[in-house]
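Here the structure is laid out as structure tokens; the discussion comes afterwards.
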Amino acid sequence: MRNLIPLFLIAFIVSLSSCRKDFDTVASSGNLGFSKDTVYLDTVFSNIGSSTYTLKVYNRSNDDIKIPKIQLGKTNSKYRMMIDGLTGEDADLNGVGDGRVFNDVELLAKDSLYIFIETTADIADIANNNPTEFLYTDDILFDNGSLQQKVNLVTLIKDAYFLYPKRDSNGIQENLLLGTDENGDEVRINGFELDPSDPVNGDEFHFTNTKPYVIYGYAGVPIGKTLNIDAGARVYFHADSGILVQPGGTLNVNGTASPDNNPLLNEVTFEGDRLEPLYEDVPGQWGTIWMREGSIANKIKHLTVKNATVGLFVDNCVLDIEDSQIYNSANFGILAKSATMNHSKNLVVNLAGQTALLCEFGGSYDFRHCTFNNNWSSSKQLAVHLNNYYEDENGNQTPYSLVQANFYNCIIYGSNNIEFFLDKFDDSESPVQFPFRYELKYCLFKFRDAGTSLQYNHPEYDFIREDNTLGNTRNKDPKFFDANRNKLNISDDPEGGAYQKGSLLYIIPNDVLGHLRTSNPPDLGAYQSAAFPE
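Numbering (this note's numbering), first residue to last: 3 to 536.
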């Protein structure tokens with residue numbers, strides 16, 4: 003019954019607009035029309051229900067007809083249907099139709115009806131040798147004998163490791179402790195600690211590439227433990243889920259470069275668990291990868307993060323990251339608080355509701371051959387924001403030290419006039435000076451300050467205006483392939499603002515895709531330039 007609830011809701015709405023009185027009918031003549039010959043239900047995970055799909059059936063004749071039978075081809079089909087608000091015959095006599103067989107379905111002349119279709123399939127029940135993927139098919143059969151017509155049903159079922167909070171013998175669900183609030187009360191989050199010897203999944207501290215991982219809640223990495231993720235691993239997160247690296251824990255993502263003809267083969271991917279094309283680029287489908295204060299030696303290589311609320315949350319800890327891409331974050335691509343990211347290379351961050359890279363409460367950063375772009379449709383979005391203080395709700399500021407924030411051979415760009423924003427603690431009346439050190443060399447950045455308060459009132463921007471002395475380029479189109487589709491590759495057009503504008507002093511030999519950087523001087527950003535296809 004629970005699985006049919008979405009169908010009930012949709013069908014009820016449709017039925018309100020298609021109520022009809024009893025009418026005289028003739029038998030169907032086998033000339034029904036259909037909105038499609040095959041209904042493709044997009045990829046789902048084993049035992050996880052699909053979205054609801056629709057098929058429209060047309061009676062194009064001048065007669066009111068009765069279709070003797072509409073049914074699924076397989077007796078114990080994993081598909082289920084609802085037709086005009088009805089759930090079909092009650093085969094197991096439990097008082098509820100099972101969505102497989104419908105008798106004597108009436109349809110007015112020149113009218114149509116909707117069939118709503120879902121599936122929930124267990125790959126172990128329908129596949130031999132338990133493969134990781136199985137194409138599951140069936141048919142919707144209309145009428146009988148020589149008049150029978152059919153519409154095909156097709157969906158891909160993927161097997162996966164499922165990780166989620168367990169319940170103890172008292173029915174209490176597992177959760178993770180974050181600390182205590184100002185009143186000394188515990189603060190907890192929906193989640194669970196990974197298990198080195200789970201009876202179903204095995205060692206959950208080692209994500210392999212044999213099957214995808216689907217995570218519900220936050221997967222916790224406790225003190226003294228390391229989560230190792232192999233090249234080619236696929237990790238899918240349900241809503242409000244993510245990975246939480248606790249103090250003393252470590253995250254180690256070990257992706258490697260992939261061949262050009264299969265660019266995601268060895269990349270590790272983190273994204274939401276809705277696999278339909280409709281959700282492919284929808285931000286905010288899941289939570290974040292949170293490396294908490296006190297987590298140690300976090301390292302990320304060749305990782306693609308898509309559609310999170312915050313792609314990476316680096317909370318007063320160390321993260322070395324290279325050859326990685328973060329796209330479509332609802333709030334921030336990277337949120338770094340008092341973090342140390344001194345080995346950040348070939349990093350691409352694009353499209354974030356607020357800021358692609360926010361470095362707040364100081365910290366220490368070094369970015370080389372990175373691309374920070376933000377084409378989010380908002381007047382307040384930024385590519386890069388640097389800050390060295392915390393401000394409470396009463397406006398009181400607590401300063402921190404921005405030890406360094408170096409950007410070398412980087413691109414900082416986007417759709418707004420100001421994409422590089424400096425937010426410095428006002429220490430004019432403070433006896434203690436807190437550093438606010440940053441440096442851009444051989445970078446392309448977007449900074450059109452004419453007519454803004456930044457033009458005259460912020461002396462820390464002075465050297466940006468004198469960008470030529472440091473090899474920087476300002477406000478010149480980098481010639482991205484298609485920034486709105488996360489294609490941040492740059493053109494080899496000499497007119498482009500990123501083409502051969504870098505310095506060999508800061509070069510990283512290979513780009514984010516593993517291609518050798520051959521330009522002299524090198525290109526800016528994470529990609530070696532190339533001719534775009536027509």
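Built from N, CA and C at the ideal position, the CB exists for glycine as well.
As the structure is a prediction and not an experimental result, all values here were calculated from the model.
For residue 151, the uninterrupted beta strand (DSSP E) segment begins and ends at 151-160.
Under DSSP, residue 326 takes part in a beta bridge, and its partners are 349.
Annotated three-state conformation of residue 147 is helix, per DSSP. Scanning its chain for C-beta atoms nearer than 7 angstroms, with the 5 sequence neighbours on each side dropped, one finds around residue 274 the residues 238, 239, 281, 287, 288, 309, in chain order. DSSP lists 155 as the bridge partner or partners of residue 41. Bounds of the beta strand (DSSP E) holding residue 387 are 384-389. When 520, 140, 512 are compared, the shortest CA-CA separation from residue 502 is found for 520. Judged by their CB atoms, residue 68 and residue 106 are nearer to each other than the 8 angstroms cut-off. With the rule of 3 Cβ pairs closer than 8 angstroms, the region 142-159 does not count as touching the region 167-186. In the three-state scheme derived from DSSP, where H, G and I count as helix and E and B as strand, residue 126 is classed as helix.
In the structure shown, residue 60 adopts extended strand secondary structure according to DSSP, grouped into three states. In the structure shown, residue 279 adopts helical secondary structure according to DSSP, grouped into three states. Contact annotation: residue 385 and residue 410 have beta-carbon atoms that are not nearer than 8 angstroms. Residue 422 and residue 126 have their C-alpha atoms some 52 angstroms from each other. In the three-state reduction of the DSSP assignment, residue 367 falls in the strand class. Residue 233 and residue 209 have their C-alpha atoms some 9 angstroms from each other. According to the DSSP assignment, residue 218 belongs to no beta strand (DSSP E), since it is labelled neither H nor E. Relative to residue 242, the option among 318, 256, 290 whose CA is nearest is 290.
Here residue 223 is buried, its C-beta having at least 16 other C-beta atoms within 10 Å.
Short of 8 angstroms from the beta carbon of residue 279, and not among the five residues preceding or following it, lie these beta carbons of its own chain, in chain order: 44. Here residue 346 is buried: its Cβ has 16 or more other Cβ atoms, across all protein chains shown, within 10 Å.
Pairing residue 511 with residue 498 gives a Cβ-Cβ distance that is not under 8 angstroms.
The continuous beta strand (DSSP E) containing residue 305 extends over residues 305-308.
For residue 399, the uninterrupted beta strand (DSSP E) segment begins and ends at 399-401. When the five nearest sequence neighbours on each side are left out, the beta carbons in the same chain lying within less than 6 angstroms of the beta carbon of residue 236 are those of 214, 271, in order along the chain.
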